[in-house]
Amino acid sequence: MKSKTPAAQEAMAGYLFLTPNLIGFLVFFVFPVLGSLWVSFNDWNLLTPPAFIGAKNYQTLLTDNLFWQTLWNTFYFSVCSVPLSIGLSLVLAIFLNQKIHGINFFRAAFFLPTICSVVSIALIWQWLFDFQTGLINHVLSFIKLGPFPWINSPAWAMPSVIMVAVWRNIGLNMVIFLAGLQGVPAEMYEAAKIDGANAWKMFWNVTWPMVSPTTFFVTVTSMINSFQVFDVTTVMTNGGPANATNTLVMLIYQHAFQFFRMGYASGIAYILFGIVLILTIVQTVSSKRWVHY
-9 MKSKTPAAQE AMAGYLFLTP NLIGFLVFFV FPVLGSLWVS FNDWNLLTPP AFIGAKNYQT
51 LLTDNLFWQT LWNTFYFSVC SVPLSIGLSL VLAIFLNQKI HGINFFRAAF FLPTICSVVS
111 IALIWQWLFD FQTGLINHVL SFIKLGPFPW INSPAWAMPS VIMVAVWRNI GLNMVIFLAG
171 LQGVPAEMYE AAKIDGANAW KMFWNVTWPM VSPTTFFVTV TSMINSFQVF DVTTVMTNGG
231 PANATNTLVM LIYQHAFQFF RMGYASGIAY ILFGIVLILT IVQTVSSKRW VHY
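For the sequence shown, the numbering used here begins at -9 and goes up steadily by one.
Now the structure itself:
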C-alpha cells in the first residue's frame, strides 16, 4: 500500500481540523437559510404541517400597507443614521488622532457606548426623552424651548431613535477610522505642507484618499447594520407610536413569534436580504470611482 506523502498528510490534518467548523456552518447557517427560503413558499404556524402556497406570501406583501410603512421607516433610518454616523465618527477620529495629553481618555470615553448593553442604553434614553419626567425636556422647559414629544409623537419618534443609534455607533466607527488614519504616512502630510497646502487641502488630497478604503468598509457595514435595526426601536418605542418606528426586522419578529406566520415572516426576511444584497453590490461597483487602494 502506497504511503501518503507529507503534503497529503498535512492536507488531511487540515481538513480534520476544519470539519467541526464546516459542520457548524452547514447546520447553523446553510441549512437554516435554505430552509427559510422553502418556508417562505409555505403557510406554516409551527403547530400544523407546512402547506405549500407558492408565491402567495410575496404577493400578499405587495398589498400590505404595514410592510410598505416599515420598509419606508427602515430606509428613513438608514439614510439618516449612516451618513451622520460616518461623518461624525470621521471628524472625531481626526480630532483624536492628534498628539494631545490625555487623548486616550477621550478615545475610551467615545468608545464606551459601543460596549454598553443596548437595552440599558435604550432605557436610559427612553427616560431622557420622556415627555413629562425626562431630563432633556426639563432643560428645554427651563430655557423656554420645550418640551418636545420626543418618542411620543410619530413625527419625532424616528429622529429620536436615530440620534440614539448614531450616538451608540460613533465609537466603533471612530476606532476603525482612527486605525486608518494612523496608517497614513507622516511624510505625505509633510510634503503637502511644503507645497503650501492648508488643512482643508491636506484632508481632501491626502487624508480622504488614504482612508477611502476604510470609509468604504464602514459605509457597507453601517448600511447592513442599519437595515437590521431592532433592539433600540424595540426597547425605546416598541415600533410606535402609530408604527412610526416599526422596521422590517421588527415586522419579521412580529409575524414569526407573535402571529406565528412563519412563511410570511420568511418572505419578508428574503426581501430584506435582497434589498441589502442589491445595495451592497451597488456600493461595491460604485466604490471603483472613489476608493483608492
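All C-beta atoms, glycine included, are put in the ideal place defined by N, C-alpha and C.
Between L238 and L262, the gap from beta carbon to beta carbon is short of 8 Å. Three or more Cβ pairs closer than 8 Å define a contact, and the region 199 to 217 falls short of that threshold against the region 107 to 119.
DSSP places N87 in the coil class of the three-state scheme, outside both helix and strand. Taking the Cα positions, F250 is about 17 Å away from P22. Under the 8 Å Cβ criterion, the region 65 to 81 counts as touching the region 159 to 177, having at least three qualifying pairs. A Cβ-Cβ distance of about 5 Å is found for the pair T223 and T235, placing them in contact under the 8 Å criterion.
Looking only at L37, W62, F31, the smallest Cα-Cα distance to Q49 is reached by F31. With distances taken between CA atoms, F57 lies nearest to A259 out of A155, A259, A189. The straight-line gap separating the alpha-carbon atoms of V108 and L125 is approximately 20 Å. The C-alpha of V29 lies about 21 Å from the C-alpha of L61. Here the alpha carbon of T123 sits roughly 42 Å from the alpha carbon of K89. S277 is the residue among H245, F18, V225, S277 whose C-alpha sits nearest the C-alpha of V210. Restricting attention to N127, A255, N142, L130, the CA atom closest to the CA of A232 is found in N142.
In this structure, DSSP gives F42 an extended state, which the three-state scheme calls strand. With fewer than three CB-CB distances shorter than 8 Å, the region 90 to 107 does not count as touching the region 144 to 151. The criterion of a C-beta distance shorter than 8 Å is not satisfied by R158 and T227. N47 is classed as buried because its beta carbon has at least 16 other beta carbons within 10 Å across all chains shown.
According to the DSSP secondary-structure assignment, N236 is paired through a beta bridge with no residue. A255: member of the alpha helix (DSSP H) spanning 252 to 276, first to last residue. For A155, the closest alpha carbon among the candidates D33, A189, I76 is that of I76. Per DSSP, I141 lies in no alpha helix (DSSP H) and is assigned neither H nor E. Assignment of beta-bridge partners to D33 by DSSP yields A41. Residues L86 of the same chain have their beta carbon placed closer than 7 Å to that of I93, with the five preceding and five following residues left out of the count.
Take S131, set aside five residues on each side of it, and the residues of its chain with a beta-carbon closer than 7 Å to its own are P137, in chain order. Secondary structure of N163 (DSSP, three-state): helix. Around the CB of T53, fewer than 16 other CB atoms lie within 10 Å, so the residue is classed as exposed. Distances from the CA of L74 to each of M153, D221, L24 were compared; the closest alpha carbon is that of M153. For N228, the secondary structure class from DSSP, reduced to helix, strand or coil, is coil.
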